Amino acid sequence: MIKLTLKDGSVREVEKGISVYEVAKQISGRLAKEAVVGSVNGHTVDLSFEISEDSELSIFKFEDTEGAHAFRHTSSHVLAQAVKRLFPGTKLAIGPAIENGFYYDFDTDHKFVPEDLEKIEAEMKNIIKEDLKLRRFELSRSEAIEFMKGKGESYKVELINDLPEDEIISFYEQGDFVDLCAGCHVMSTKEIKSIKLLSLAGAYWRGDEKNKMLQRIYGTSFPKASLLEEYVTMLEEAKKRDHRKLGKELKLFALMEEGPGFPFFLPNGMVVKNKLLEYWREVHDKANYVEVETPIILNRKLWETSGHWFHYKDNMYSLLIDEEDYAIKPMNCPGGMLVYKTDLRSYKDFPMRVGEIGRVHRHELSGALHGLMRVRAFTQDDAHIFMLPEQIKDEIKGVCNLIDEVYKAFGFSYHVELSTRPEKSMGTDEEWAHAETSLREALEELNLAYKLNEGDGAFYGPKIDFHLRDCLGRTWQCGTIQLDMQLPQRFELSYIGKDGEKHQPIVIHRVAFGSIERFLGILIEEFAGKFPTWLAPVQVKILPIADRHVPYAEEVKAYLSAAGIRVSIDERAEKVGYKIREAQLEKNPYMLILGDKDIENKGVSVRSRDIGELGSMEIQSFVDKVSAEIKLRSLTTAFEKASEADQ
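For what it's worth, the numbering used here labels the leading residue of the sequence shown as 58, then goes sequentially.
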């Protein structure tokens, strides 16, 4: 007999050699039905895995990250098997599970078209019905290479050759299909209840544009049809909210072939971007940050000192000036270190909070570019906090509170992840222990629940990441706090301590928005282009009913503009119904429809983008309501709140 310690701390005595699935059955029939994979002593294993010693055991369902990953990994194998059946001669590349789905890359003479997805999906459903059991087996390196060569799978042979010498080389078999795979998987294809193929794309082998372009098929899968329907509905809503589509319609930004990955911000987009930066400055001024600006181009010596020239050069744009190497900055940190060194620092200066809204450039592969979400030039809301070791915890708490304030201002919820020391790192055990303890205690004192990512920190220090959740349930990693124990050393930063001696400061790198461009893209999709009034490029659109009402419209515009409200007039000789529809498409928060009665009463007829006709009111009353919601940066209008109160 052996003892198993379960997730809840209870201990169960079972026979040696029992499978994870059998343990699940002993616990409950429902758990056995919903179980996908297990974890034995921290290692994810198939349900068929036999336990031979006292162990810690966890059993994962689809709801767990490990369960969903295995479920969709098997789905990718089902996809590959279906493609091999329908298109003989196809070579397999890679087919991983990804967040919310899976994909597989294929090398085939057949050019996939959208209509093929239906055929492949139908064959996948046949494979699922066949209830094919998945069986894991291992081969030696030489046997594995010969096995894959015999199947004509040259990409798999390359992968095997690149594996470490001591790597266990495993395969999974289902019916007549076998794939090189580390696992884990569900026990049978029949467990993949609901599956859907979503799209086609091109992908370079191993992500290298020098390699052959392969064909990628994306899909998703769920254990219940209802979950698949919910996800497909979410995707359809996401398409409507696509920031690239809305950005063009609302004239916020343009993506041009003359500058791939370098977005052009149009007047409307600049209003929104500047309002975000205005808010950023207000929040940081209140939190006692100072602001600096560092050059966009700096010489090679700086980037060698920071380490970027040796470790990040492929992602940097470099140039020659006066026969000397320079680079356009991919990040603001090295410049921030030089700013620190412009003066002699004392322990009395700390904490020193230095913000920078810095323009950075990074070379991204053309296939990775995606609207404002993945670009080659963007604006980082960076900040560096220089401090004493004993100030770490309080400063971390301060940054966490600031990021919390920023996200709540836009209505976002979020979760936090703490990443600790990786295998390759700089610094002493004592420094890392102090740094990690400070971060952990800061989160715990703030009562911030967090996920621990052991060994996933940066090589120069541990970090905290903030993943915000949008209205569609998608998560975005934006804010981050990184404790740095490398750059201060590389740049020989120092301060005079209480003892009169030189010491090295601790540095925090942190962002709240992350990338202003990316955050704007997220906001466009979050609000479906319907920005709250304080962010809207045009807050009020004036619609004169006829030409004779234009002079009064000009008077109203001047009055609103003087009150600091962004306003425009539609003077076109069009019917007012058409003008209203156009303004609605432009997603302006308010419309003022002006006619004879409005002139007579010296008032305005108000229409809300979100709740329709609001009736007539005095101009000053309207200005007061709109000005109040702008000042409060409200996510809902004063009129919406009044409507809710009436109900």
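Ideal Cβ positions, reconstructed from N, Cα and C, are used throughout, including at glycine.
Just so you know, these numbers come straight off a predicted model, no measurement behind them.
Between the C-alpha atoms of residue i and residue j, what's the straight-line distance to the nearest angstrom?
i, j, result
"I538", "D265", "31 Å"
"Y261", "Q231", "28 Å"
"S67", "S251", "34 Å"
"L216", "P153", "14 Å"
"P646", "S691", "12 Å"
"E549", "Q561", "8 Å"
"V597", "S625", "7 Å"
"F469", "W533", "11 Å"
"V214", "D236", "11 Å"
"E493", "P519", "6 Å"
"I676", "A630", "24 Å"
"R664", "S673", "9 Å"
"E200", "K206", "10 Å"
"W360", "W366", "5 Å"
"K148", "D164", "5 Å"
"H130", "L104", "15 Å"
"E180", "I226", "29 Å"
"S618", "I687", "13 Å"
"N356", "F106", "56 Å"
"K90", "I249", "13 Å"
"I668", "M648", "12 Å"
"M388", "T436", "10 Å"
"K659", "D627", "19 Å"
"P221", "R198", "10 Å"
"D653", "A685", "28 Å"
"L503", "Y275", "40 Å"
"G514", "I521", "9 Å"
"H491", "R431", "35 Å"
"E156", "S133", "13 Å"
"I184", "A239", "21 Å"
"M313", "R547", "40 Å"
"L671", "D527", "30 Å"
"E113", "Y78", "15 Å"
"V347", "H341", "8 Å"
Give me the Cβ distance between residue i and residue j, rounded to the nearest whole Å; I'm assuming they're in contact under 8 Å.
i, j, result
"N345", "R410", "6 Å"
"L257", "Q272", "7 Å"
"L307", "E643", "7 Å"
"L309", "N325", "5 Å"
"V243", "F128", "6 Å"
Which of the three DSSP states is assigned to residue i in this structure?
i, result
"M270", "strand"
"Q539", "strand"
"N356", "strand"
"T399", "coil"
"N458", "helix"
"D439", "strand"
"L309", "coil"
"H420", "coil"
"G634", "helix"
"T532", "strand"
"L220", "coil"
"Y517", "coil"
"D522", "strand"
"L285", "helix"
For residue i, is the classification buried or exposed, using 16 other Cβ atoms within 10 angstroms of its Cβ as the cut-off for buried?
i, result
"T399", "exposed"
"A506", "exposed"
"M327", "exposed"
"Y552", "buried"
"T277", "buried"
"A295", "exposed"
"P145", "exposed"
Between residue i and the rest of its own chain, which residues show a CB-CB distance below 6 Å, the 5 nearest in sequence each way excluded?
i, result
"L509", "L475"
"P446", "I563"
"S495", "I449, K450"
"E511", "T477"
"Y464", "Y471, L525"
"L303", "I581, G586"
"K190", "S245"
"V680", "A620"
"Y517", "M483, D541, M542, Q543"
"I116", "A81, A92, G95"
"P280", "F119, K250"
Excluding the 5 residues preceding and the 5 following residue i in the sequence, name in chain order all residues of the same chain whose CB lies nearer than 7 Å to its CB.
i, result
"F300", "This sequence places His at residue 300; Phe is not what is there. Within the same chain, H300 has close Cβ partners G428, L429, G578, I581, E582."
"P352", "G392"
Leaving out the 5 sequence neighbours to the left and right, which residues in its chain are closer than 8 Å to residue i when beta-carbon positions are compared?
i, result
"R433", "P317, G318, F319, H418, R419, H420, E421, L426"
"L377", "Y383"
Please tell me whether, using a cut-off of 6 Å, the distance from the CB of residue i to the nearest non-hydrogen atom of the ligand MG is below it.
i, result
"E156", "As presented, the structure is devoid of all ligands, the ligand MG included, so that no description of it is given."
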